[in-house]
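Chains as they are written, first to last, in our numbering: chain A, 1 to 414; chain B, 415 to 783.
Here is the structure we will look at.
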Amino acid sequence: MFVPGEASILHADVDAFFASVEQRDDPRLRGRPVIVGSGVVMTASYEARAFGVRGAMGGAQARRLCPHAVVVEPRFSAYVAASRAVFEVFERAAPVVEALSMEEAFLDVSGLGRISGSPTEIAVRLRRDVREWVGLSITIGVARTKALAKVASGVAKPDGLLVVPPERERDFLHPLAVERLWGVGPATARKLHERGITTVGELARLTETALVSIIGRAAGRHVHALAHNRDPRRVRSGRRRRSVGSQCALGRSSRSPAALDGVVVGLVDRVTRRMRAGGRIGRTVVLRLRFGDFSRATRSRTISQATAATGTILVTARALLAAAMPTIERRGVTLLGITVTNLEAGAGVQLELPLEHPDRIALDAALDEVRARFGSAALTRAALLHRGSRLSASLLPGDRDRRRPMSSGGAAGR
Amino acid sequence: MKLSVPRDSLSGALQLVGRAVSSRGTLPSLGGILLAAGEGRLTLRATDMELGITRALDDVKLERDGTVLLPGRLFADVVRSLPPGQVALELRAEQRDVEIAAGGARFHLRTLPAEDFPRLPELDGETAKLPGEPLSATIELVARAASRDEVRPILTGVLVQAEGETLTMVATDSYRLSVKHTKLESPVAQPLEANVPARALRELARIVAAEGANEVEIALPRNQIVFGAAGVVVSSRLIEGQFPSWRQLVPESFEHEVRLPREEFLEIARRISQLAQRNAPLRLAFAEGELTVAAETPDIGDASEGMPAPYSGEPLEIAFNPQFLVEGIESVGSEELAVQLSSPLRPGLLRPVDGEDFSYLVMPIRLNA
Numbered sequence: 001m002f003v004p005g006e007a008s009i010l011h012a013d014v015d016a017f018f019a020s021v022e023q024r025d026d027p028r029l030r031g032r033p034v035i036v037g038s039g040v041v042m043t044a045s046y047e048a049r050a051f052g053v054r055g056a057m058g059g060a061q062a063r064r065l066c067p068h069a070v071v072v073e074p075r076f077s078a079y080v081a082a083s084r085a086v087f088e089v090f091e092r093a094a095p096v097v098e099a100l101s102m103e104e105a106f107l108d109v110s111g112l113g114r115i116s117g118s119p120t121e122i123a124v125r126l127r128r129d130v131r132e133w134v135g136l137s138i139t140i141g142v143a144r145t146k147a148l149a150k151v152a153s154g155v156a157k158p159d160g161l162l163v164v165p166p167e168r169e170r171d172f173l174h175p176l177a178v179e180r181l182w183g184v185g186p187a188t189a190r191k192l193h194e195r196g197i198t199t200v201g202e203l204a205r206l207t208e209t210a211l212v213s214i215i216g217r218a219a220g221r222h223v224h225a226l227a228h229n230r231d232p233r234r235v236r237s238g239r240r241r242r243s244v245g246s247q248c249a250l251g252r253s254s255r256s257p258a259a260l261d262g263v264v265v266g267l268v269d270r271v272t273r274r275m276r277a278g279g280r281i282g283r284t285v286v287l288r289l290r291f292g293d294f295s296r297a298t299r300s301r302t303i304s305q306a307t308a309a310t311g312t313i314l315v316t317a318r319a320l321l322a323a324a325m326p327t328i329e330r331r332g333v334t335l336l337g338i339t340v341t342n343l344e345a346g347a348g349v350q351l352e353l354p355l356e357h358p359d360r361i362a363l364d365a366a367l368d369e370v371r372a373r374f375g376s377a378a379l380t381r382a383a384l385l386h387r388g389s390r391l392s393a394s395l396l397p398g399d400r401d402r403r404r405p406m407s408s409g410g411a412a413g414r
Numbered sequence: 415m416k417l418s419v420p421r422d423s424l425s426g427a428l429q430l431v432g433r434a435v436s437s438r439g440t441l442p443s444l445g446g447i448l449l450a451a452g453e454g455r456l457t458l459r460a461t462d463m464e465l466g467i468t469r470a471l472d473d474v475k476l477e478r479d480g481t482v483l484l485p486g487r488l489f490a491d492v493v494r495s496l497p498p499g500q501v502a503l504e505l506r507a508e509q510r511d512v513e514i515a516a517g518g519a520r521f522h523l524r525t526l527p528a529e530d531f532p533r534l535p536e537l538d539g540e541t542a543k544l545p546g547e548p549l550s551a552t553i554e555l556v557a558r559a560a561s562r563d564e565v566r567p568i569l570t571g572v573l574v575q576a577e578g579e580t581l582t583m584v585a586t587d588s589y590r591l592s593v594k595h596t597k598l599e600s601p602v603a604q605p606l607e608a609n610v611p612a613r614a615l616r617e618l619a620r621i622v623a624a625e626g627a628n629e630v631e632i633a634l635p636r637n638q639i640v641f642g643a644a645g646v647v648v649s650s651r652l653i654e655g656q657f658p659s660w661r662q663l664v665p666e667s668f669e670h671e672v673r674l675p676r677e678e679f680l681e682i683a684r685r686i687s688q689l690a691q692r693n694a695p696l697r698l699a700f701a702e703g704e705l706t707v708a709a710e711t712p713d714i715g716d717a718s719e720g721m722p723a724p725y726s727g728e729p730l731e732i733a734f735n736p737q738f739l740v741e742g743i744e745s746v747g748s749e750e751l752a753v754q755l756s757s758p759l760r761p762g763l764l765r766p767v768d769g770e771d772f773s774y775l776v777m778p779i780r781l782n783a
């Protein structure tokens, strides 16, 4: 089991990410309660959280709790750009960065003492750099294990830094509410509360067998280990993704086949662009469907040559959609998603003859370049105009677009 | 129906039409071979709705005409296993089966409902005629570039055009494009253009070669194409839709043309391809007077081999899918082939140096930064 002797794992998390980006970009929003997302709350600023507004809460309830909140529509391209900038700072600070989401990562800074200073010094500098370079505040927890670092940042939020030295782990962990542990959700917490267990200390006094009998085998073992601060997981960066996907919630109103086609076009555009940016090619196209009754289904098709070309993936995705249309007409559809799996690193991308359109290859590359420079909203298909940016990003910073100058000879070779 | 027929003759015909028997069990009658006895002949038919093959046998002694549908694969296997000599077939209407008798062996095979069997288009009306050998040679060259992905059905076909004295066939899977013009000895009466499933053409080429057919007759009834060669009729549905306008895809000029001895280039490409596994490309590096073919598979190893090449100018490195490149070199029939290139991201063209009119355009692999 690998556990470092010193607290050298950082968990860094941008505070109220989407809302903070909005407040950063619009001075009028600063200091005011801000809710991102007019339907379901995607993020609430700390000012809004003070009134009890939480993520994933319904819009009506949020407005009741905080009637004077400013509600803004999400701007995903701005969040993607901000995420990219934050991770650039992270990657300068630590050799190993593991992204958990767009705004959250583990950093392993062990062994950097001579080069960059102690973990605490690195954390202080990191918070300052993100504020200076990106204009956002982050909270950092520092500990020996990932789970504890995450707990620490949760306790220190917002705009804080908390270092848990090895000899203080028990004192820190035991008084905390069980909900603070990474992996204890509402259901597990309720079961524990029913047995009168509210703190991590009370949890730690139970045997693993006793805990398993209360919350089940997998959760029991996991939580027992965490309560004793046993978490051997390393910080791992650069885990190659096996798939790239994007999806779009459609609401309950029925959509014409042309409108659904437009959604698929947009999703394929987005997915293939990310694949090209990461130098990945894929063979299997998966169409994800959620029907009117919220049941789900997937349809997939595998093609003979791995590709990242928009044209080929789109043709395949459209064939899947056409095959699913009878079901969609019968049951309605509330979500469409496109994922390309069977990804291959490939030493390169097999180019295609521009069969349908003259110079389609050059077109893909040119579109990618414009979007990398001016943001993903800079160019869109005519079919998607007036539709707004409703495609939700399932984007991990690890595969964010890497800028690659198109004309430079340095782009070739490995 | 009652008749007798030599085993070898019947077995050969069953193998031939059996290639059109449907392997999918959706419609039981499509798994069958239809036997029609009449007008002094026995005609065998099979179809999977896309491809249909009909073969007539003349060396038959007919006692009673009639039509039956028998399970194709089983019937063919049974006939092949019989002792040599005559095979007697008789429909026993009451038992709804066919008695197959040869030597001392007796088989009774239940018939399938023949009325469900689809009507196959006949070779009648106006037909075009093409010489057999050039047709099958052209198919072999071109059809391998057709796509095997049903995702884009249009690319699973071969565009067949005949006009005046020229027969043209084109196929592409969007990664490569194969074009062959063949000069005919006499002009065709009617111009012809059709997108024919590559599978039907491969069957036709096989039959033309096996039967030594000198001439192939072609008719185009609605949405179908029918070929007649040496007593065999091959019919196929046509692929609907517009075949890509391929002429615009072939660049008019290239920056470089390098002539290489085909056999040597092919051997080197095949040899080095062994280390281009898991989608790794084959790299061609051209430098003054030299070509180096190289491949590398991470965690497995690498290989390279050089050959003299009359190349001049700035060094150029271009990468291809090894299979696409090897198939292209194989397709060029001449002793010397010309490789035409412009840049690492533009298509390359392979063609024979002597008069033969064949071109194989292939898109490169863009190497990652």
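By construction, the Cβ of each residue, glycine as well, lies at the ideal position given by its N, Cα and C atoms.
Thinking C-beta only, is L696 (chain B) closer than 7 angstroms to L759 (chain B)?
-> no
Cβ atoms of G220 (chain A) and L211 (chain A): under 7 angstroms apart, would you say?
-> yes
Which of helix, strand or coil does DSSP assign to A306 (chain A)?
-> strand
Going by C-alpha distance, which of B:A603, B:K416, B:L428 and B:L496 is nearest L544 (chain B)?
-> B:A603
Just reading off the beta strand (DSSP E) that M275 (chain A) is part of, what are its end residues?
-> Premise fails: M275 (chain A) lies in the alpha helix (DSSP H), P257 to A277, not in any beta strand (DSSP E).
Please name the residues in the segment 291-306 of chain A whose beta-carbon is closer than 7 angstroms to at least one beta-carbon of chain B, in chain order.
-> R301, I303, S304, Q305 and A306
Determine, using beta carbons only, whether A19 (chain A) comes closer than 7 angstroms to chain B.
-> no
Local conformation of T341 (chain A) per DSSP, three classes | strand
Name, going along the chain, the residues of the segment 607-633 of chain B whose beta-carbon falls closer than 8 angstroms to a beta-carbon of chain A.
-> none
Range covered by the beta strand (DSSP E) that runs through I714 (chain B) = Unbroken run through I714 (chain B): none, as it is neither H nor E.
Closest by CA to M573 (chain B), which one among B:A559, B:A643 and B:E564?
-> With the sequence shown as reference, residue 573 (chain B) is identified as Leu, and Met is not the correct amino acid for it. If we check each option's Cα against that of L573 (chain B), B:A559 comes out closest.
What are the boundary residues of the alpha helix (DSSP H) that Y79 (chain A) is part of?
-> F76 to A93
Name the residue from B:F641, B:H595, B:A699 and B:R692 whose alpha carbon lies nearest to the alpha carbon of D771 (chain B).
-> B:H595
Using the rule of at least 16 other Cβ atoms within 10 Å of the residue's Cβ for burial, across every protein chain shown, is C42 (chain A) buried or exposed?
-> According to the sequence as given, residue 42 (chain A) is Met; it is not Cys. The residue in question, M42 (chain A), is buried, as its Cβ has 16 or more Cβ neighbours within 10 Å.
Amino acids of chain B, ordered along the chain, whose beta-carbon sits closer than 7 angstroms to that of G348 (chain A) | P695, A733, I779, R780, L781 and N782
Name the chain B residues that come within less than 9 angstroms of V315 (chain A), Cβ to Cβ?
-> V565 and R566
Starting from E617 (chain B) and walking both ways along the alpha helix (DSSP H), at which residues does that stretch end?
-> A612 to E625
L267 (chain A) and I338 (chain A) closer than 7 angstroms at C-beta = yes
If you draw a straight line from the alpha carbon of V142 (chain A) to that of G160 (chain A), how long is it in whole angstroms?
-> 11 angstroms
On the three-state DSSP scale, how would you describe I732 (chain B)?
-> strand
Could you say which of A:G58, A:A12, A:V40 and A:R63 lies nearest to V33 (chain A) if we only look at CA atoms?
-> For the record, residue 33 (chain A) in the displayed sequence is Pro; it is not Val. Checking every option, the nearest Cα to that of P33 (chain A) belongs to A:R63.
Limits of the beta strand (DSSP E) - the one that G642 (chain B) falls within = Q638 to A643
Give the residues of chain B in contact with E91 (chain A), contact being defined as C-beta atoms less than 9 angstroms apart.
-> Under the 9 angstroms cutoff, chain B gives no residues; its nearest Cβ is about 18 angstroms from E91 (chain A).
Since V97 (chain A) and E91 (chain A) are thought to touch, with beta carbons under 8 angstroms apart, how far apart are those beta carbons, to the nearest angstrom?
-> 5 angstroms
Backbone CA spacing between Q575 (chain B) and F700 (chain B) [nearest angstrom] = 37 angstroms
Alpha carbon to alpha carbon, how far is R276 (chain A) from L314 (chain A)?
-> 15 angstroms
Residues of chain A with CB under 8 angstroms from S588 (chain B), in chain order?
-> T312, E352, L353 and L355
Have a look at V164 (chain A) and R128 (chain A) and give me their C-alpha separation to the nearest angstrom.
-> 20 angstroms
Cα-Cα, which of A:G245, A:V53 and A:A78 is closest to L65 (chain A)?
-> A:V53
Closer than 7 angstroms, Cβ to Cβ, to anything on chain B: give me those residues from the segment 319-343 of chain A, in chain order.
-> A319
With D13 (chain A) as the anchor, note down where its beta strand (DSSP E) starts and where it stops.
-> I9 to V14
Kindly indicate which residue of B:A619, B:L424, B:R562 and B:R566 has the alpha-carbon position closest to the one of V474 (chain B).
-> B:L424
Buried/exposed call for F710 (chain B), threshold 16 Cβ in 10 Å = Per the sequence shown, residue 710 (chain B) should be read as Glu rather than Phe. Looking at its Cβ environment, which holds 16 or more other Cβ atoms inside 10 Å, E710 (chain B) is buried.
Short CB-CB distance (under 7 angstroms) between R765 (chain B) and chain A = no
First through last residue of the beta strand (DSSP E) which encompasses G141 (chain A) | I138 to A143
Assign F415 (chain A) to one of two classes, buried (16 or more other C-beta atoms within 10 Å of its C-beta) or exposed (fewer than that).
-> Given a span of 1 to 414 for chain A in the structure shown, any question on residue 415 (chain A) remains unanswerable.
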